[in-house]
Amino acid sequence: MGKTSPYVVSFLVRFIYGVMQILTKVAFNQGTSTYVLVFYRHVIATMLLLPIAFATERKTAPQLSHKVCLKLFVHALYGVSASLNISFVGLNYASATSATAVQNLQPVLTFFLALLLGMESLKLKSFHGIVKVSGIVLCAAGVAVLALYQGPELKSIIHHPLFHHTSRVDIHASRSWILGILLQSLATLLFALWTVFQACSEANLFMLNLACMLLSRALCWRSTLPCCLT
Numbered sequence: 001m002g003k004t005s006p007y008v009v010s011f012l013v014r015f016i017y018g019v020m021q022i023l024t025k026v027a028f029n030q031g032t033s034t035y036v037l038v039f040y041r042h043v044i045a046t047m048l049l050l051p052i053a054f055a056t057e058r059k060t061a062p063q064l065s066h067k068v069c070l071k072l073f074v075h076a077l078y079g080v081s082a083s084l085n086i087s088f089v090g091l092n093y094a095s096a097t098s099a100t101a102v103q104n105l106q107p108v109l110t111f112f113l114a115l116l117l118g119m120e121s122l123k124l125k126s127f128h129g130i131v132k133v134s135g136i137v138l139c140a141a142g143v144a145v146l147a148l149y150q151g152p153e154l155k156s157i158i159h160h161p162l163f164h165h166t167s168r169v170d171i172h173a174s175r176s177w178i179l180g181i182l183l184q185s186l187a188t189l190l191f192a193l194w195t196v197f198q199a200c201s202e203a204n205l206f207m208l209n210l211a212c213m214l215l216s217r218a219l220c221w222r223s224t225l226p227c228c229l230t
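Take 1 as the starting number for the sequence shown in full-length UniProt numbering and just add one per residue.
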């Protein structure tokens with residue numbers, strides 16, 4: 001079980017994330033505001049993580065300087081608040097399936113950004129280079145099929161009233177499917193940029209020896225402020 005644990009945990013995380021996307025889409029179909037949902041999401045996360053971080057990391061975590069706090073705020077502004085707001089607006093226009101499919105481009109975008117910044121290397125004549133390019137092409141092709149090809153409508157096996165809304169044709173006639181895809185792509189790009197910048201020497205948050213719980217609490221709190229202003 002030791003060797004398979006990371007894969008099991010990764011699968012569970014993605015499963016929970018998929019359920020969250022569906023429930024979020026249902027909330028939007030019921031008229032919930034995207035910005036209000038993002039704000040309360042960060043507020044609740046802060047309220048849950050703050051006591052835990054305070055109890056477990058209060059004596060061991062290093063002091064947060066003004067420079068580090070500013071970095072946390074800037075990173076949370078574009079990498080969490082902005083990307084999540086844009087992502088939820090895109091989810092409001094598109095379907096949960098297409099929105100989640102576009103977000104799977106994050107590894108591809110992260111690799112290209114790291115390549116441009118000189119953090120990754122790509123040798124097309126080597127075996128590793130061929131594998132990387134093949135993975136990028138397959139990932140992009142899969143995302144394009146899931147995001148852009150709608151296909152025939154499938155009947156749901158769930159008959160709960162919350163999952164019943166207007167037909168897909170009516171929804172896509174009043175809202176731009178392409179706009180939703182573009183917004184999801186922009187949100188994914190911002191999150192990929194956030195991931196890459198954390199590995200840079202000046203923007204490296206994890207090399208500051210902050211505990212993961214403390215960092216999560218700080219990001220949630222810093223993300224709440226821009227969401228409140230929004």
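We put the beta carbon where it would ideally sit given N, CA and C, even for glycine.
Bear in mind the structure is a predicted one, so any value in this text is a computation, not a measurement.
Are L190 and Y93 close, meaning C-beta to C-beta below 7 angstroms? With contacts defined as CB atoms closer than 7 angstroms, L190 and Y93 fail to qualify as a contacting pair.
With burial defined as no fewer than 16 other Cβ atoms inside 10 Å of the residue's Cβ, what is the status of F206: buried or exposed? For F206, the predicted model reports a pLDDT of 48, less than 50, meaning its position is unreliable and no value from the coordinates is stated.
The region 49–64 / the region 115–126 touching (three or more Cβ pairs under 8 angstroms): no
How about T100 and Q30: do their beta carbons lie closer than 7 angstroms? Result no, Cβ atoms of T100 and Q30 do not sit closer than 7 angstroms.
Drop a sphere of 10 angstroms on the beta-carbon of T60, count the other beta-carbons inside from all chains shown, and report buried for 16 or more, exposed for fewer. exposed
Please name the residue, chosen from P6, A27, G118, that lies closest to A96 on a Cα-to-Cα basis. A27
What number of angstroms, rounded off, separates the C-alpha of S134 from the C-alpha of F112? 14 angstroms
Just checking, does the region 61–76 make contact with the region 174–184 on the three C-beta pairs under 8 angstroms criterion? no
Report the rounded CA-to-CA distance for F183 versus L193, giving the unit in angstroms. Reading off the sequence shown, one finds Leu at residue 183, where the question assumed Phe. Taking the straight line from one Cα to the other gives about 15 angstroms.
Is it the case that the Cβ atoms of I86 and A199 are separated by a distance below 7 angstroms? With respect to A199, I86 sits apart: the two C-beta atoms are not nearer than 7 angstroms.
Spatial neighbours of V19 within its chain, please: CB distance less than 8 angstroms, with the 5 preceding and 5 following residues excluded, ordered by chain position. none
Give the DSSP-derived three-state secondary structure of M119 in the structure shown. coil
Quick one: grab the DSSP three-state call for A45. helix
At which residues does the alpha helix (DSSP H) containing S10 begin and terminate? 5–29
Within the same chain, show all residues whose beta-carbon is closer than 6 angstroms to that of S167, passing over the 5 residues directly before and after it, in chain order. Model confidence at S167 stands at a pLDDT of 43, short of 50, so the residue's coordinates are unreliable; what they give is reported in the following sentence. The answer is none, since no qualifying residue turns up.
Please classify A82: is it buried, with 16 or more other beta-carbons within 10 angstroms of its beta-carbon, or exposed? buried
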